[in-house]
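A.B. asks: For the sequence shown, my numbering assigns the number 370 to the initial residue and increments by one for each residue that follows. Every residue gets a Cβ at the ideal spot worked out from N, C-alpha and C, and that includes glycine.
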Amino acid sequence: MPTIDGLFDLESLEKKVLELNSKSDVLLTRVLSHYVQGIELLFPEMHCTIMQVKNGRLYSWVASSLPKDYAEEIEGGQIADNVGSCGTAAFLKQTVIVADIGKDPRWEGYREIALASNLLACWSRPIVNSVGEVMATFAIYYNEVKVPTEDELNIIERASSLLQIILESRQYAEALKSSNELYDYVNKATNDAIYDWDIMTNNLEWGGAFFRIFGYLPDGEKFPIQRWIEMIHQSDIDPVTKSLREALREVTTTHWTAQYRFKRGDGSYAFIEENGYILRNNDGEAIRMIGVLRDITQRTQHELEIKEHLERYNAVSKATSDAIWDYDLLSQKVIWNNGVKEIFGYEQVEEVYQWWYDHVHPDDVLEITALVDACKSEKRSRWTAEYRFKCSDGNYKFVLDRGFLLFDDNGEAVRMIGAMQDITERINYIHTIETQNHRLRDIAWAQTHLVRAPLARIMGLVQLLREPGSYVTDEDQLLSYLHDSATELDKVIKGIIERSV
370 MPTIDGLFDL ESLEKKVLEL NSKSDVLLTR VLSHYVQGIE LLFPEMHCTI MQVKNGRLYS
430 WVASSLPKDY AEEIEGGQIA DNVGSCGTAA FLKQTVIVAD IGKDPRWEGY REIALASNLL
490 ACWSRPIVNS VGEVMATFAI YYNEVKVPTE DELNIIERAS SLLQIILESR QYAEALKSSN
550 ELYDYVNKAT NDAIYDWDIM TNNLEWGGAF FRIFGYLPDG EKFPIQRWIE MIHQSDIDPV
610 TKSLREALRE VTTTHWTAQY RFKRGDGSYA FIEENGYILR NNDGEAIRMI GVLRDITQRT
670 QHELEIKEHL ERYNAVSKAT SDAIWDYDLL SQKVIWNNGV KEIFGYEQVE EVYQWWYDHV
730 HPDDVLEITA LVDACKSEKR SRWTAEYRFK CSDGNYKFVL DRGFLLFDDN GEAVRMIGAM
790 QDITERINYI HTIETQNHRL RDIAWAQTHL VRAPLARIMG LVQLLREPGS YVTDEDQLLS
850 YLHDSATELD KVIKGIIERS V
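#1: Using the DSSP secondary-structure output, state which residues sit across from Ile601 in a beta bridge.
#2: Is Met785 near Gly772, with beta carbons less than 7 Å apart?
#3: In terms of DSSP beta bridges, what is Trp492 paired with?
#4: Label Lys384 either buried or exposed according to how many other C-beta atoms from any shown protein chain fall within 10 Å of its C-beta, with 16 as the threshold for buried.
#5: At a cut of 8 Å, does the segment 402-414 reach the segment 438-448 through at least three beta carbon pairs?
#6: For the alpha helix (DSSP H) containing His730, name the first residue and the last one.
#7: Run through DSSP, which three-state label would Ile760 get?
#8: Which value, in whole angstroms, describes the spacing of the CA atoms of Asp791 and Ile712?
#9: Short check: CB of Ala468 to CB of Ala490, under 7 Å?
#10: Answer yes or no: do Asn650 and Gly660 have a C-beta to C-beta separation smaller than 7 Å?
#11: State the start and end residues of the unbroken beta strand (DSSP E) segment that holds Val609.
#12: For the candidate residues Ile448, Asp438, His807, whose alpha-carbon lies nearest to that of Met420?
#13: Roughly how many whole angstroms lie between the Cα atoms of Gly407 and Trp430?
#14: Just to confirm before moving on: does the CB-CB distance between Ser750 and Leu774 stay below 7 Å?
#15: What did DSSP end up calling Val741 once you bin it into helix, strand or coil?
#16: Which residues does DSSP list as the beta-bridge partners of Leu769?
#17: Sort Ala655, Trp476, Glu680, Glu642 by Cα distance to Gln363 and report the nearest one.
#18: If Lys702 sits next to Val721, beta carbons under 8 Å apart, how far is it from one beta carbon to the other, in whole angstroms?
#19: Just curious, the alpha helix (DSSP H) that Phe579 is in, first and last residue?
#20: Confirm, please, whether the CB-CB distance from Thr457 to Arg475 is below 7 Å.
#21: Using DSSP with H/G/I as helix, E/B as strand and the rest coil, what is Ser700?
#22: Identify which residue in Leu427, Leu769, Val503, Gln540 has its Cα closest to the Cα of Ser529.
#23: Span of the beta strand (DSSP E) holding Ile641?
#24: Is it buried or exposed for Leu586, if we count other Cβ within 10 angstroms and need 16 for buried?
#25: Kindly indicate the opening and closing residues of the beta strand (DSSP E) around Gln717.
#26: Would you call Lys472 buried or exposed, if buried means 16 or more other Cβ atoms sit within 10 Å of its Cβ?
#27: With respect to the beta strand (DSSP E) encompassing Asp565, which residues constitute its N-terminal and C-terminal limits?
#28: Please identify the residue among Glu781, Leu410, Glu857, Thr418 whose C-alpha is closest to the C-alpha of Arg494.
#29: Return the residue from the list Ile466, Asn779, Ile862 that minimises the CA-CA distance to Val516.
#30: Within a Cβ cutoff of 7 Å, which residues of the same chain sit near Pro608, ignoring the five residues on either side of it in sequence?
#31: Within its chain, find whatever has a CB closer than 6 Å to the CB of Lys759; leave out the 5 residues flanking it on each side and keep chain order.
#32: At what residue ranges does the segment 420-452 contain a whole run of the alpha helix (DSSP H), taking only runs of 4 or more?
#33: Do you know how far the Cα of Asn424 is from the Cα of Asp567?
#34: How is Asp520 classed by DSSP in three states: helix, strand or coil?
#35: Measure the alpha-carbon distance for Tyr756 versus Asp770 and round it to whole angstroms.
#36: Give me the DSSP bridge partner(s) of Leu774.
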């Protein structure tokens, strides 16, 4: 039975264990062993164990005073109801007191090995973390049948509370270490500058990529938000800070994004795209913001170059009236000149590939895309196609589209520039000529086949009448034949005239 001195020494042991646990270089098993061995020194009749919970089973963390055969037998034991004291305690998440292992039904599966090891009583308590998960069990064995006293129950309670503190602190430390390692790896691997802004203390913590990307040296000084503002280009400060203030003030806003120019260590400016996630307290007040700064200088300069090209294209298009386009295959962005408005009547155009795709006539789109795909796969730089393109009024115009493909060093198509020419009038003219030719062919056929039949009959009858010495028995009948043939010929000629109109 614990004595007053023993309980006083227990408090001293607990302080020493907590001090030992605070040292990051001390292994957890050493801390737990020191604690269990200290209890057993203070209370020699106790045999203490700490079992770790892993994947629904129990594994020994510390069990130095238990018989070896017994310890091996219970290793990896199942967590379930009526599976010894520890298995049941972990399952029910409550203290299990077994005063007599020889008679308690919860020990049916382990009774024989326990009694053979002279273990007659076992009290076990689960160690549960702050979110309700069982991390381990703490158990006390006795070599006699025994019901715990109030002091002994107090020892179990104190031990479980201390072990909860130790195990949770280690879990948190491991999680923090993993998180920090991941954060460091991300910072080393990424070209994005990651930050963590504590709004309450007004301090920005930057990942290592920030200094590498923008050419600054870490100085260890506090980084208030004002220091960040001073690095923004003068022309961008007002719109950017106004947008940020509005996002922080609006309690429903959790994401903020902005593009601006940011000063490098050498005094030059980079074009930046920033994305931030705002954390708020229960009152909706912004207390923290985590985000990234992405250097989009190359992309922005590329877009500016494209716009410069388009200005030149627009100058050309005023003379040609073509719809000139520039398609970035990587971003799927398509930039158009004013020709798309002049030819097709669109006031606004979506600068994405899908917009073009959706406006090509359904009967033409597969053929055109197959042509372009073939050029890309075969590394052909030029293609030409005629197809129908939808206007703003829903009608279609015929266009002649010429495209020029640009490839990177690996032979992959990355950009395509081209011009669409309205050839509707030409196509319609060709269709008119083709229709007229078809009519002429019909007339020629009619002349060859339909006209010649009645005409031949008329010519035969006339020849018969004109031959000297011919003997005509019924002149009226002959004239009737001539009239019928003439009528038929007249009908054929009228039909030809109608088809030619």
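C.D. replies: Well, looking at it:
#1: Here residue 601 is taken as the residue at index 232 of the sequence shown, counted from 1. Note: Ile601 sits in a beta bridge opposite Phe631.
#2: Residue numbering aside, residue 785 sits at position 416 when the sequence shown is read from its first letter. Residue numbering aside, residue 772 sits at position 403 when the sequence shown is read from its first letter. Result yes, Cβ atoms of Met785 and Gly772 sit closer than 7 Å.
#3: Taking the first residue of the sequence shown as 1, we reach residue 492 at position 123. In DSSP, Trp492 forms a bridge with Ile466, Ile509.
#4: Against the sequence shown, residue 384 aligns to sequence position 15. Its Cβ having fewer than 16 others within 10 Å, Lys384 is exposed.
#5: no
#6: Here residue 730 corresponds to residue number 361 of the sequence shown, with the count starting at 1. Unbroken run through His730: none, as it is neither H nor E.
#7: Position 391 of the sequence shown, counted from the first residue, corresponds to residue 760. As written in the sequence, residue 760 is Cys, which differs from the Ile given in the question. DSSP places Cys760 in coil when its eight states are reduced to three.
#8: Numbered from 1 along the sequence shown, position 422 holds the residue referred to as residue 791. Numbered from 1 along the sequence shown, position 343 holds the residue referred to as residue 712. Taking the straight line joining both Cα atoms gives about 7 Å.
#9: Start at 1 with the first residue of the sequence shown, and residue 468 comes out as number 99. Start at 1 with the first residue of the sequence shown, and residue 490 comes out as number 121. Yes.
#10: Reading the sequence shown from its first residue, position 281 is the one you call residue 650. Reading the sequence shown from its first residue, position 291 is the one you call residue 660. No, the pair does not count as a contact, with Cβ atoms beyond the cut-off.
#11: On the sequence shown, position 240 is the one that residue 609 refers to. Counting along the chain, Val609 falls outside any beta strand (DSSP E), though it belongs to the alpha helix (DSSP H) covering 606-618.
#12: Numbered from 1 along the sequence shown, position 51 holds the residue referred to as residue 420. Ranking Ile448, Asp438, His807 by Cα distance to Met420 puts Ile448 first.
#13: As a position in the sequence shown, residue 407 is number 38, starting the count at 1. As a position in the sequence shown, residue 430 is number 61, starting the count at 1. Gly407 and Trp430: Cα-Cα distance of roughly 16 Å.
#14: Indexing the sequence shown from 1 puts residue 750 at position 381. Indexing the sequence shown from 1 puts residue 774 at position 405. Yes. Within cutoff.
#15: Residue numbering aside, residue 741 sits at position 372 when the sequence shown is read from its first letter. Helix, per DSSP.
#16: Translated into positions along the sequence shown, residue 769 becomes position 400. In the DSSP output, where bridge partners are listed per residue, Leu769 has Glu755, Gln790.
#17: Limits of the chain in this structure are 370 at one end and 870 at the other, which puts residue 363 out of reach.
#18: Taking the first residue of the sequence shown as position 1, residue 702 is located at position 333. Taking the first residue of the sequence shown as position 1, residue 721 is located at position 352. Yes, Lys702 and Val721 are in contact; Cβ-Cβ is about 6 Å, under 8 Å.
#19: Working through the sequence shown from its first residue, we reach residue 579 at position 210. 577-583 is the span of the alpha helix (DSSP H), which, as asked, contains Phe579.
#20: For the purposes of this step, residue 475 is taken as the residue at position 106 of the sequence shown. For the purposes of this step, residue 457 is taken as the residue at position 88 of the sequence shown. Yes. Within cutoff.
#21: Locating residue 700 in the sequence shown gives position 331, counting from the first residue. In this structure, Ser700 counts as coil in the three-state DSSP scheme.
#22: By one-based count along the sequence shown, residue 529 stands at place 160. The shortest C-alpha separation from Ser529 is found at Val503.
#23: For the purposes of this step, residue 641 is taken as residue 272 along the sequence shown, with counting starting at 1. Looking at the DSSP string, the run of the beta strand (DSSP E) that includes Ile641 is 638-649.
#24: Here residue 586 refers to the residue found at position 217 of the sequence shown. So Leu586 counts as exposed.
#25: To locate residue 717, count along the sequence shown from 1; it is residue 348. Taken as a continuous stretch (DSSP letters only), Gln717 belongs to no beta strand (DSSP E), as it is neither H nor E.
#26: Within the sequence shown, the letter at position 103 stands for residue 472. Lys472 is exposed by the Cβ-count criterion.
#27: In the sequence shown, residue 565 corresponds to position 196, counting from 1. Note, Asp565: beta strand (DSSP E), 561-567.
#28: Position 125 of the sequence shown, counting from 1, holds the residue named residue 494. With distances taken between Cα atoms, Arg494 lies closest to Thr418.
#29: As a working note, residue 516 is residue 147 in the sequence shown. It is Ile466.
#30: By 1-based counting over the sequence shown, the position of residue 608 is 239. Closer than 7 Å at Cβ, skipping near neighbours: no residue.
#31: Taking the sequence shown and counting its residues from 1, one reaches residue 759 at position 390. So the qualifying residues of the chain are His728, Tyr765.
#32: 437-443
#33: Working through the sequence shown from its first residue, we reach residue 567 at position 198. Working through the sequence shown from its first residue, we reach residue 424 at position 55. Near 38 Å, if we compare the C-alpha coordinates of Asn424 and Asp567.
#34: As a position in the sequence shown, residue 520 is number 151, starting the count at 1. In the structure shown, Asp520 sits in a helix (DSSP, three-state: H, G or I).
#35: Position 387 of the sequence shown, counted from the first residue, corresponds to residue 756. Position 401 of the sequence shown, counted from the first residue, corresponds to residue 770. Tyr756 and Asp770: Cα-Cα distance of roughly 8 Å.
#36: Mapped onto the sequence shown, residue 774 falls at position 405. Beta-bridge pairing links Leu774 to Met785.
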